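K.L.:
In our numbering, the protein residues as written are 107 to 214.
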């Protein structure tokens, strides 16, 4: 068999920021789940990838404990950037596995 699961976590799972402790903890849990299931199911042909995007301009930014300045929001990733990372992983043949992609804005 074969299959592919892509989880979207956050760079906050690896690098604490001002997004909030509960958010960071849940994203770290998603990352751990992805890696653990990958190890359990590797022999069955299942691949799991976790994508860790940095700040992405979505309505979720409005819910952060600390407001995001407009200038920072303009430099953020766009949802289509995260989608492009997913498409990259999906285009790979079953013999190739990407465990993680850390995707960050190119301008800080």
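The beta-carbon is built from N, C-alpha and C at its ideal position, and this holds for glycine as well. Every value quoted in this text rests on a predicted model; they were computed, and no experiment measured them.
Using only the alpha-carbon positions, how far apart do residue 156 and residue 175 sit?
P.N.:
Straight-line Cα distance between these residues: approximately 28 Å.
K.L.:
Distance check for residue 199 and residue 187, CA to CA, integer angstroms please.
P.N.:
Their backbone Cα atoms lie some 21 Å apart in a straight line.
K.L.:
Taking the straight line between their C-alpha atoms, what separation do you get for residue 173 and residue 122?
P.N.:
Whole-angstrom Cα-Cα distance: 16 Å.
K.L.:
DSSP state of residue 109, grouped into three classes?
P.N.:
Residue 109 falls in the strand class under three-state DSSP.
K.L.:
Is the Cβ-Cβ distance between residue 182 and residue 163 less than 7 Å?
P.N.:
It is a contact, given that the beta carbons lie within the stated cut-off.
K.L.:
For the alpha helix (DSSP H) containing residue 132, list its first residue and its last residue.
P.N.:
It spans 127-147 - the alpha helix (DSSP H) in which residue 132 sits, taken as one unbroken run.
K.L.:
Which two residues bound the contiguous beta strand (DSSP E) that contains residue 153?
P.N.:
Here the beta strand (DSSP E) through residue 153 covers 152-159.
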